[in-house]
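Please read the structure below before turning to the comments.
Protein chains: 2
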Amino acid sequence: MLALKHVPIRSFNENIAYIHKDCSIYKVSNINSLTRIEIHGGEAPVFAFLQIVDNNKFVRPDELGLNTEAFKQMGLPEGAEVTLTLTPPAPSLAAVRRKIAGNVLSSDDYASIVDDISKHRYSNMDIASFLVAMNSFITPNEILDLAEALRGDKIIDWGTEEIVADYYCMDDIPGNKVDLIIAPIVAAYGLPMPKIISSSSTSGSGLIDTMRTLANIDVDTRNLKKQVLEKRGAIVNAEKVEICEAERIIAKIEKQNGLSTMECGIASLLANKLASGITHLLIDIPVGIRAKIKTSAEATHLRKLIEYVGDRLGLYIDVTITDGSEPIGAGVGPALEARDIIKVLKNKEDAPDDLREKALFMAGRILEFDSKLRGGQGYLVAKELLRSGKAFDAFDMILKAQGKIESPKLGHLTRDVVAEKDGTIVRINTAFIAKAALLAGAGQYAGAGIDLYRKTGDSVSAGDILYRIYSCNQNDFAFVTSMIESGKTGFDIE
Amino acid sequence: MLALKHVPIRSFNENIAYIHKDCSIYKVSNINSLTRIEIHGGEAPVFAFLQIVDNNKFVRPDELGLNTEAFKQMGLPEGAEVTLTLTPPAPSLAAVRRKIAGNVLSSDDYASIVDDISKHRYSNMDIASFLVAMNSFITPNEILDLAEALRGDKIIDWGTEEIVADYYCMDDIPGNKVDLIIAPIVAAYGLPMPKIISSSSTSGSGLIDTMRTLANIDVDTRNLKKQVLEKRGAIVNAEKVEICEAERIIAKIEKQNGLSTMECGIASLLANKLASGITHLLIDIPVGIRAKIKTSAEATHLRKLIEYVGDRLGLYIDVTITDGSEPIGAGVGPALEARDIIKVLKNKEDAPDDLREKALFMAGRILEFDSKLRGGQGYLVAKELLRSGKAFDAFDMILKAQGKIESPKLGHLTRDVVAEKDGTIVRINTAFIAKAALLAGAGQYAGAGIDLYRKTGDSVSAGDILYRIYSCNQNDFAFVTSMIESGKTGFDIE
Chain F
88 MLALKHVPIR SFNENIAYIH KDCSIYKVSN INSLTRIEIH GGEAPVFAFL QIVDNNKFVR
148 PDELGLNTEA FKQMGLPEGA EVTLTLTPPA PSLAAVRRKI AGNVLSSDDY ASIVDDISKH
208 RYSNMDIASF LVAMNSFITP NEILDLAEAL RGDKIIDWGT EEIVADYYCM DDIPGNKVDL
268 IIAPIVAAYG LPMPKIISSS STSGSGLIDT MRTLANIDVD TRNLKKQVLE KRGAIVNAEK
328 VEICEAERII AKIEKQNGLS TMECGIASLL ANKLASGITH LLIDIPVGIR AKIKTSAEAT
388 HLRKLIEYVG DRLGLYIDVT ITDGSEPIGA GVGPALEARD IIKVLKNKED APDDLREKAL
448 FMAGRILEFD SKLRGGQGYL VAKELLRSGK AFDAFDMILK AQGKIESPKL GHLTRDVVAE
508 KDGTIVRINT AFIAKAALLA GAGQYAGAGI DLYRKTGDSV SAGDILYRIY SCNQNDFAFV
568 TSMIESGKTG FDIE
Chain D
88 MLALKHVPIR SFNENIAYIH KDCSIYKVSN INSLTRIEIH GGEAPVFAFL QIVDNNKFVR
148 PDELGLNTEA FKQMGLPEGA EVTLTLTPPA PSLAAVRRKI AGNVLSSDDY ASIVDDISKH
208 RYSNMDIASF LVAMNSFITP NEILDLAEAL RGDKIIDWGT EEIVADYYCM DDIPGNKVDL
268 IIAPIVAAYG LPMPKIISSS STSGSGLIDT MRTLANIDVD TRNLKKQVLE KRGAIVNAEK
328 VEICEAERII AKIEKQNGLS TMECGIASLL ANKLASGITH LLIDIPVGIR AKIKTSAEAT
388 HLRKLIEYVG DRLGLYIDVT ITDGSEPIGA GVGPALEARD IIKVLKNKED APDDLREKAL
448 FMAGRILEFD SKLRGGQGYL VAKELLRSGK AFDAFDMILK AQGKIESPKL GHLTRDVVAE
508 KDGTIVRINT AFIAKAALLA GAGQYAGAGI DLYRKTGDSV SAGDILYRIY SCNQNDFAFV
568 TSMIESGKTG FDIE
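Sequences listed follow chains F and D, in order. According to my numbering, the first sequence is numbered sequentially starting from 88. According to my numbering, the second sequence is numbered sequentially starting from 88.
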C-alpha cells in the first residue's frame, strides 16, 4: 500500500504518477519511465505513466504522487491507501501498429482505440503515432468508423426539437467570424443553434477568442441546454461541455503537432456535431490559393466525402463552397472582429458589406432547413431579422444569458501601413495578413490585430492607409513592424 | 529574471520546465502545456516544454523549475538567475511534415532533424511522428543519410588499430548470447572488439542483462578505450558511452512504442558502429518462422540493403544468414545464459553444442577479417583458442577489468514441464519459449528463466523433462504456470 499524494502539476493530457526512487514497495530499478501502471483503490482503476522522483521533498518512499489530471480521476483524498500494478500497453495499440503497417482497420478497432484513449491508456506518443498513420492512408469507411467511435455515448438530448442547426467553416479565413451573426439570426427565427466551439491554432485568433471579448463562454452542459431551449442560441467553449472526451484529447495533439488532415478533421467534426445533438449542419468550404483548400476539385472531393460520411451517420448536411481568397470583414483579431459583428447586427452604415452578406447567405440556407419556409425565402427572412433589430436583440439575450462582458480596449501601439503607389488593389495575401495579426499578438491579446481599411477592387493613391496594426506590447509590436519594414504589405496594387 | 530550481523528477527524455501558475514574469494564461521555451543564463540555451504548477511547495512564482535532465544541461546551481523566451517548434519539424506527406527527404533534412533531436528540441510526440512517417516509406539513400546524421561527430578513435571488429545479430533468438563467447575468442586472437550494447525490449532478456550477471558494464568512454587497447575486448552498456546521443533518444522511443523497422534499425546500427570506431562488422540475420525475418527472400533483401548502406559509409561488412527457428543453448534468462557461456568457455562436457558451434563459426569469420590469416582457417583457429583455455582467460581478464561480480542465484520457485507422450521433438516454438521466460520474470530478475533439457530431433518418452521454469517471485510464477497449465508446452512431439 502507498499513500496517495497530489502533485499539483498540470501536464499535457497524460496521467503521470510520481514514485520515489527508493519506493518502499516497487523496485524502481525494474521500471523505466514509460512504464504504464494501473492504480487501484478508487472506483475504477486509473492508468498512468511513471516518472521517478529522487528526493523526499516531493514524494516520499511510501507515497504515490499523481499529477492533477490523474488525481482528479482517482477521486480519493490525499493519504488514501492505493496499490499499483504494472500494466501492459493498451491492447488496441496492436491495431495502431496494423494501421502504421498500412492496413485498413475495422469499426471494432476504432471503437477500442477511442475507448482506450478516453481512459487515458494512450501516451501522447501513442496518439501521435496513430494520427501520423491515419495521415498517410485512411478510407472513407474508416472515417465513418472513426467518427462513430469518437462520437461516444454522451449525446446531448434536445427533447422534442425537430431541427437543431449549426454552421461550420472548414478553414480559418482572417476576420471570418460570421458564426456570431448567423447564430442570432437563426435564434431570432426560432431554430435552436447550440454553437460549441474549440480553440483554433492556425489563424491569428479563433472564433472562441472573439466571443470571449463579448461574453463568458465557459458554460456547462446543463446550463447550455437550458439556455438554448429558452433563448434558442448559445456560443460556448467546448472544453466545458462533457462530450467527445477522446476527440478532445486527440484534437489537442493534432493541433499542437500540426498533424491534422482534412479526412480526420471530418471525423472529428461530425463526431462533435452528433454528440452535440445537431440534426442539420451547414458546412462552408472556402477555396483560395492561400486557403487550406486550394482548388474547386479539392473542395468537391471533400464535399463528397462529407456527404458520404454524414449520410451514413444520419446527419442532414448541406455543403456550400465559398471564396476563401480574401479576408472577410475589416478587423482581424478578437476585439476588432467583435466590433465588426456588432456593427453588422446594429445595421451601422460602416459595417463591412462582405461580412454581412456572407452571414445573411449562410443564415438563409440554415433557415431553409425549416420545411415550413418556402424555398428561396431564407435569405430574405434572414435580412429582415437583421434589419428589424431582432437579430441584435437575440444576440444581446445570448450574451446576457452567458454573462455579458465589457469589450476590451484596442492595443495602444499602432502603426498605419500605406499604399506605396497609385492604382487598384488586385489581391490581398490572406496568409500575410493572418501572420501579421498573429505577430501583432492577436492570438494572445484581445486588443491586438489588423484593421483593414481597403479591400480588393478598391482604387488607392500612394500614401492611403491600407490597414492599421494594433499591438498590446512592445515585443509583439517590434515583431510585426519588422515584418512590414521588410517592404511587403500583403497588398498587390496594379 | 527567475531563480533556477532543480525539480528532482526524471522524465522520459523530454526536458520539462515547471512554472508557477502565478509566475511573476510570464503570463501562464497565454501558455498551453506544449509551449516550447528556451532558457537563457547558462553557456548555451536549453530547450524545454512547460508544465504548470499550482502550488508554492514545488515551485514559487519567482522560480523556474527544471527536471533532472534539463537541470543538468543548464549547468548552473540552484538559485542562478535565468530568463526564458518562448520558442517556435524546431525548424526541422517542417521536414518531418514533408516526410509524413510521403516525400523523400534530403541529407540536409536528416542532419537538421537529428541535430534538433540531440538538442532536445523535439517532444517525444515529434519523435514518434517522425518514426511512424519513416515506417511507412523510406528509400535506401534516406537510410544512408539518416545513418550519417545519427553517427554524429563523436567517434571513438582507436589510433593505429587497422581492424576494430564487431558482431551483431539482427534478432533476439531465445538463449542466443554467442557474443559473450565470440568476444573473448577474438580478444584472445588479438583483434580489438569493443562491444557497446543496448538493452533490448523484445526477448525475455537481452545480452546486456546476461553480461550484467557476470561483471559491471557501466564503463565510460575513457575506460572503455583503455581496456580494449590493453585487453583487446570489452562488453559495456551503451548508456555510459557518449556517442550517438540522438540515436539513443530515438531508440528508446522506438522500443517503448514498438515503432522500430528493419530499415531504420539498419541506420541506427550502422551509425552506432561507425561512432564506436568499428571498421569490420559481421552481421547475423537469423531466419525462422517465429523470427523477425521469416523468409530467405526477406533476409536477402535486408542483406543487400545493409551492404548498400555499409559500403557507402566505408564499413567493411560481412553478412551471414543463419537458422533462427530454434532457441540457441539451453538457458533462456540472464543467469542461465551466463551459466551456458561459462560452460562453453570452460570446455565442459555438458556445454550446449549449438551455442559453441555458432560462436566458433562467427568468431572464425571475424578472425578472417585479418588478412594475415589464410582463407578458411578462421574456424580452426577459433576452436583452438577455445580448447586451449585462452578464450576463457581472455573473458576472465575482461570481466576483471570491468569488475567481476558473483553470479546471481537461480529462482527458488521451479516447475518442470514434461513430455505428454513418447516421440520425437519436431519443433520448438521460439516465441512460446521467449514469452514463458518473460512471464517467469527473466526481463526483471536475473535468476528467472527457462532451462531447456531437450532440443529438436531428440527422442523423448512421456514424462521426460522438456524444460524447467525458474521464477524469483510468486506473481511471475503464477503467470508462467498458468500459461503452461493451458495445456501447451511449446514443444511439438510426433
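Where a beta carbon is used, it is the ideal one built from N, C-alpha and C, also for glycine. In this text, all values refer to a predicted model and were calculated from it rather than measured experimentally.
In the structure shown, F/Tyr113 adopts coil according to DSSP, grouped into three states. Annotation: the continuous beta strand (DSSP E) that includes F/Tyr554 extends over Ile552 to Ser558. Relative to F/Ala521, the option among F/Ile512, F/Gly476 and F/Met570 whose CA is nearest is F/Met570. In the DSSP assignment, D/Pro271 falls within the unbroken alpha helix (DSSP H) covering Asp266 to Tyr276. For D/Asp457, the nearest beta carbon of chain F is not closer than 8 Å to its own beta carbon. For F/Phe482, the enclosing alpha helix (DSSP H) covers residues Lys477 to Gln489. Rounded to the nearest angstrom, the Cβ distance from D/Thr517 to D/Glu424 is 15 Å, too far for a contact under 8 Å.
In terms of beta-carbon proximity, F/Ile429 stays away from the interface with chain D, with every pair separated by 8 Å or more.
Taking all protein chains shown into account, D/Leu442 has 16 or more neighbouring C-beta atoms within 10 Å of its C-beta and is therefore buried. Contact between D/Ala506 and D/Val567 is ruled out by a C-beta separation of about 18 Å, above the 8 Å threshold. At least one beta carbon of chain F lies nearer than 8 Å to the beta carbon of D/Ala220. Listed as beta-bridge partners of D/Tyr255 by DSSP are D/Ile370.
Of all residues in the region 516 to 548 of chain D, those with a C-beta nearer than 7 Å to a C-beta of chain F are Gln531, reading in chain order. When secondary structure is reduced to three states using DSSP, F/Leu497 falls in the coil class, being assigned neither helix nor strand. D/Pro175 and D/Tyr113 have their C-alpha atoms roughly 16 Å apart.
Secondary structure of D/Ser285 (DSSP, three-state): coil. Under the 8 Å criterion on CB atoms, F/Gln561 is classed as non-interfacial with respect to chain D. Within the region 88 to 103 of chain D, the residues whose Cβ lies closer than 9 Å to any Cβ of chain F are, in chain order, His93, Val94, Pro95, Ile96, Arg97, Ser98, Phe99, Asn100 and Ile103.
By a beta-carbon distance limit of 8 Å, D/Phe136 contacts D/Ile103. Their separation comes to about 6 Å.
If you keep only unbroken beta strand (DSSP E) runs of at least 3 residues inside the region 378 to 441 of chain D, you get 403 to 410. By the neighbour-count criterion, in which a residue is buried when 16 or more other Cβ atoms sit within 10 angstroms of its Cβ, D/Gly490 is exposed. When 8 Å is used as the limit between beta carbons, D/Gly189 is near these residues of chain F: Ser223, in chain order.
In the DSSP secondary-structure assignment, D/Tyr105 is bridged to D/Gln138 and D/Gly152. Take the alpha-carbon of F/Leu171 and the one of D/His127: they are about 39 Å apart. Pairing D/Ser286 with F/Ser347, the inter-Cα distance amounts to about 34 Å. Close CB contacts of F/Met161 within its chain, under the 7 Å cut and outside five residues either way in sequence, are with Leu91, Ile126, Gly129, Val133 and Leu153 (chain order). Distance from the CA atom of D/Phe564 to the CA atom of D/Lys186, rounded to whole angstroms, is 46 Å. Contact with chain D is absent for F/Leu153, since none of that chain's Cβ atoms lies less than 8 Å from the residue's Cβ.
For F/Phe578, the enclosing beta strand (DSSP E) stretches over residues Phe578 to Ile580. Neighbourhood of D/Gly345 in chain F, by CB distance below 7 Å: Arg184, in chain order. Taking 8 Å as the cut-off, the beta carbon of D/Met280 is found closer than this to the beta carbon of D/Gly320. Straight through space, the alpha carbons of D/Ala131 and F/Val431 are spaced by roughly 52 Å. Interface criterion met: the Cβ of D/Ala215 is under 8 Å from a Cβ in chain F. Residues of chain F with a Cβ closer than 9 Å to the Cβ of D/Asp141 are, in chain order, Pro95, Ile96, Arg97 and Thr155. Residue range Leu89 to His93 is occupied by the beta strand (DSSP E) that includes D/Leu91, with no alpha helix (DSSP H) assigned at that position.
The three-state secondary structure of D/Glu248, taken from DSSP, is coil.
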